[in-house]
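Notes follow once the structure below has been shown.
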Amino acid sequence: MIRLQNIEKVYRTDTVETLAIDNITLDIAKGEFLSIMGPSGCGKSTLLNIIGLLDEPSKGSIRIDDQDTSRFSDQQMAKFRNQKLGFIFQSYHLINDLQVLDNVELPLLYRTSSAKERRQLATEALEKVGLSNRLKHFPNQLSGGQRQRVAIARAIVGRPQIILADEPTGNLDSAMGNEIMDILINLNKNDGTTIIMVTHDENMAHKTHRLVRLFDGSQVQ
Amino acid sequence: MLKNYFKIAIAVLRRRKFFTFISLFGISFTLTIVMTSTALLENVMSPAYPDYNRERSLYVQRVTLKNTKEGWINSNSASYNFVKKYVSTLKKPEKIAFYTSGTNTNAYVNNKKILLEVKYTNDLYWEVASFDFLSGKAYTKRQIDNAERVAIISDRTRKAYFGDQQDVVGKNIEVDNVNYRVNGVVRGVPRTNRHFQAEVYLPYTVSKTGYDDQGVMGNFSVILLAKSAADMPSIRAEYQKMVDKIPVDKEYDKLYAHADTPWEDLSRRFFGSDDSVGFGKMLVMVSAFLLLFLLLPTINLVNINITRIMERSSEIGVRKAFGASSRTLVYQFLVENIILTLLGGLIGIVFSYVVIYIFNQSGYTPDLNLSLNFSVLALGLFVCLLFGLLSGVYPAWRMSRLNVVSALKVR
């Protein structure tokens, strides 16, 4: 499903060159739930961003669903992200000016679908994460756990094959974290969604199929 | 999609009320000025009561004598002699009206002084323009030839001099210690129309100042009315031929007396010379001024918009992550900006209405009724859209170039 080959990422300033990812090769199978762990600054999020096509590697290639993503134009990249990928961020990144339902509809705006269809799909996604009673609320009227569930609904509303979650439970207490984790496990199990999750939490990581450990930009496990 | 953009645009406007106020104020203030000045200019320059024939009229308002070697210039209105001896020989114009510029004089009613502006005219003056006669009629050629002391007065003069009496034709009005019989009452003309505005109109033959001098300079202006606009070139040619034949005093070597349309006159006064109307220069100067004037609120908007982009960095990151291309984001931002500017435009239109209402009510220029017509409104909307596009393009482009990862890092 996803094939990373000899990925390297270097951040350059005028004086310093920092190697964030050092020659990582990784295959992720369809339907797999993979977690990436490692100390702060080891390149976990950078790797996740590269897989999610949010950042470009300095070297190496990424193939997703048998397509070489390095040749994509801005338009193709946008379309690919919209149809194949879903993102969950540690700090939710909901748009505070929009109601929950509008936030969840967001990925569908960049597809050809009617307002009615969008509304229906967004409502279904919110039902899936148990928030069907909060459609008209604004994000700042919700708790952290609820916000993350809205973010999950937004990530799954377009039925992507891959979900990339960057510390989805990082800002939550353990009870809330477990709830979010259960939702992700169900998504993986029931819908066959491939999930790649960056986490600091060993317990969460052990609930996934496979664990990849990074240290100073290199894969150590 | 548009509904979503609209929601966001309104939410963003409400979020930073002070920025919003500055943006909206900038747009609406500029628009108000553009719209009211256009309304004023339109009123002054376009055919309006009683001067409905401007499209086929040429106005001679100035005679200039030049000594090009020494650099002497002598310029004034035309003399009666100039009109009689030269202009009246023209065959092409359908009608030739002539009149003096307004002279301020006094009248007294019940020991109260009324300041009146008087114009001396010929009989065709009343045919070149279409005055509304509320009562009575214009004086005739015979009355003028007989130097009859008759007057046409404006409705405002009737009110000021005769009070609430309506039927004043045949009554006497004393102007500058001379009694005139009222021959007719016309609806007043706004002060902005200097060719036709006066409170009292008298036959030129009753003028106290000797009108019958021999030079080319005096106190008269002329209107040459063509049968149709198509006749204008031939009238101009005949007129210029006539002017070229006028002998010039020894002291001077050139004589100019332009027969211009109102726009040509305006352009020549401010941007042209005796040898050129200066339309090109006027166009360049007015466009440059308008551009600069519009540029100020636009730069202000660009600035505010760029600041707002940083505030919305996370949103931009999220939208990109979930499939918005750079092009879509530029489109979204332009739509938002156009919504903002149209809102500013709407407020500007309301402001313009208020300003024009106050202007009309103030009595500062009596008989002048400005109005916002469709062309001014269309111009206003066009200006708004221009604002929206000008101020939106650069920030939108900057926004679309934001890197997703760094956009998401900004909190």
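Respectively, the protein sequence lines represent chains A and B. Heads up, the first sequence is in the working numbering, so the first residue is 1 and it goes up one at a time. Heads up, the second sequence is in the working numbering, so the first residue is 1001 and it goes up one at a time. Note that the Cβ used here is the ideal one computed from N, Cα and C, for glycine as well. Everything numeric in this text was worked out from a predicted model, so none of it was measured.
Any beta-carbon of chain B closer than 7 Å to the one on residue i?
i, result
"residue 11 of chain A", "no"
"residue 95 of chain A", "yes"
"residue 87 of chain A", "yes"
"residue 92 of chain A", "no"
"residue 81 of chain A", "yes"
"residue 142 of chain A", "no"
"residue 226 of chain A", "Residue 226 of chain A lies beyond the stretch modelled for chain A, which goes from 1 to 221, so this question has no answer here."
"residue 55 of chain A", "yes"
"residue 166 of chain A", "no"
"residue 78 of chain A", "yes"
"residue 74 of chain A", "yes"
"residue 186 of chain A", "no"
Sorted by chain position, which residues of the same chain lie with C-beta nearer than 6 Å to residue i's C-beta, five sequence neighbours on each side aside?
i, result
"residue 1290 of chain B", "none"
"residue 59 of chain A", "8"
"residue 3 of chain A", "27, 63"
"residue 1217 of chain B", "1063, 1076, 1079"
"residue 1239 of chain B", "1259"
Between residue i and chain A, is there a C-beta pair that is closer than 7 Å?
i, result
"residue 1325 of chain B", "yes"
"residue 1315 of chain B", "yes"
"residue 1004 of chain B", "yes"
"residue 1039 of chain B", "no"
"residue 1009 of chain B", "no"
"residue 1322 of chain B", "yes"
"residue 1405 of chain B", "yes"
"residue 1330 of chain B", "no"
"residue 1318 of chain B", "yes"
Could you give the first and the last residue of the continuous alpha helix (DSSP H) run that contains residue i?
i, result
"residue 1006 of chain B", "1002-1015"
"residue 182 of chain A", "174-191"
"residue 1279 of chain B", "1279-1311"
"residue 211 of chain A", "Careful: residue 211 of chain A lies outside any alpha helix (DSSP H), inside the beta strand (DSSP E) at 210-215."
"residue 123 of chain A", "115-128"
"residue 1330 of chain B", "1326-1362"
"residue 159 of chain A", "From DSSP, residue 159 of chain A is part of no alpha helix (DSSP H); its letter is neither H nor E."
"residue 107 of chain A", "100-109"
"residue 1142 of chain B", "1141-1145"
"residue 45 of chain A", "44-51"
"residue 203 of chain A", "202-206"
"residue 1408 of chain B", "1404-1409"
"residue 80 of chain A", "74-84"
Just to confirm the assignment, what range does the beta strand (DSSP E) spanning residue i have?
i, result
"residue 1185 of chain B", "1178-1186"
"residue 1120 of chain B", "1112-1121"
"residue 32 of chain A", "Careful: residue 32 of chain A lies outside any beta strand (DSSP E) and carries neither H nor E."
"residue 8 of chain A", "2-12"
"residue 1150 of chain B", "1150-1154"
"residue 1098 of chain B", "1095-1100"
"residue 1078 of chain B", "1072-1078"
"residue 92 of chain A", "First-last for residue 92 of chain A: undefined, no H or E at that position."
"residue 61 of chain A", "59-64"
"residue 1412 of chain B", "Since the first and last residues shown for chain B are 1001 and 1411, residue 1412 of chain B lies out of range."
"residue 1125 of chain B", "Segment 1125-1128 is the alpha helix (DSSP H) holding residue 1125 of chain B; no beta strand (DSSP E) there."
"residue 1066 of chain B", "1063-1067"
"residue 194 of chain A", "194-198"
Cutting at 8 Å between CB atoms, please list the residues of its own chain near residue i, excluding the five before and the five after it.
i, result
"residue 1398 of chain B", "1306, 1309"
"residue 1361 of chain B", "none"
"residue 136 of chain A", "99, 100, 101"
"residue 82 of chain A", "107, 110, 111, 158"
"residue 123 of chain A", "101, 132, 135"
"residue 20 of chain A", "9, 10, 11, 43, 46, 217"
Identify, in the order they occur along the chain, each residue of the same chain with its Cβ nearer than 7 Å to the Cβ of residue i, setting aside the five sequence neighbours on each side.
i, result
"residue 84 of chain A", "64, 65, 160, 161, 162"
"residue 1134 of chain B", "1155, 1185, 1186, 1187"
"residue 1219 of chain B", "1077, 1100, 1101"
"residue 1333 of chain B", "1392, 1395, 1396, 1399"
Just checking, does the segment 1303-1313 of chain B make contact with the segment 1038-1048 of chain B on the three C-beta pairs under 8 Å criterion? no
Curious, which full-length beta strand (DSSP E) runs of at least 3 residues does the segment 1031-1060 of chain B contain? 1057-1060
Give the list of continuous alpha helix (DSSP H) stretches no shorter than 4 residues that lie fully inside the segment 1220-1261 of chain B. 1232-1245
For the segment 1376-1396 of chain B against the segment 1354-1364 of chain B, do three or more pairs of beta-carbon atoms, one drawn from each stretch, fall closer than 8 Å, so that the two count as touching? no
Is it the case that the segment 1165-1182 of chain B contacts the segment 1097-1117 of chain B, given that we only count it when at least three CB pairs across the two stretches are under 8 Å? yes
Quick one: any contact between the segment 37-53 of chain A and the segment 186-195 of chain A, if contact means 3 or more CB pairs under 8 Å? no
I'd like to know if the segment 1051-1069 of chain B and the segment 1220-1234 of chain B are in contact, where contact means that at least 3 CB-CB pairs between them fall below 8 Å. yes
Can you confirm whether the segment 1280-1296 of chain B touches the segment 204-220 of chain A when touching is taken to mean that 3 or more C-beta pairs between the two stretches lie within less than 8 Å? no
The segment 1333-1349 of chain B in contact with the segment 1015-1033 of chain B per 3-pair CB rule at 8 Å: yes
I want to know whether the segment 137-151 of chain A touches the segment 165-177 of chain A - three or more CB-CB distances under 8 Å. yes
Can you find at least 3 beta carbon pairs, one from the segment 33-43 of chain A and one from the segment 69-77 of chain A, that sit closer than 8 Å? no
Quick check: the segment 1118-1128 of chain B against the segment 1196-1211 of chain B, are there 3 or more CB pairs under 8 Å? yes
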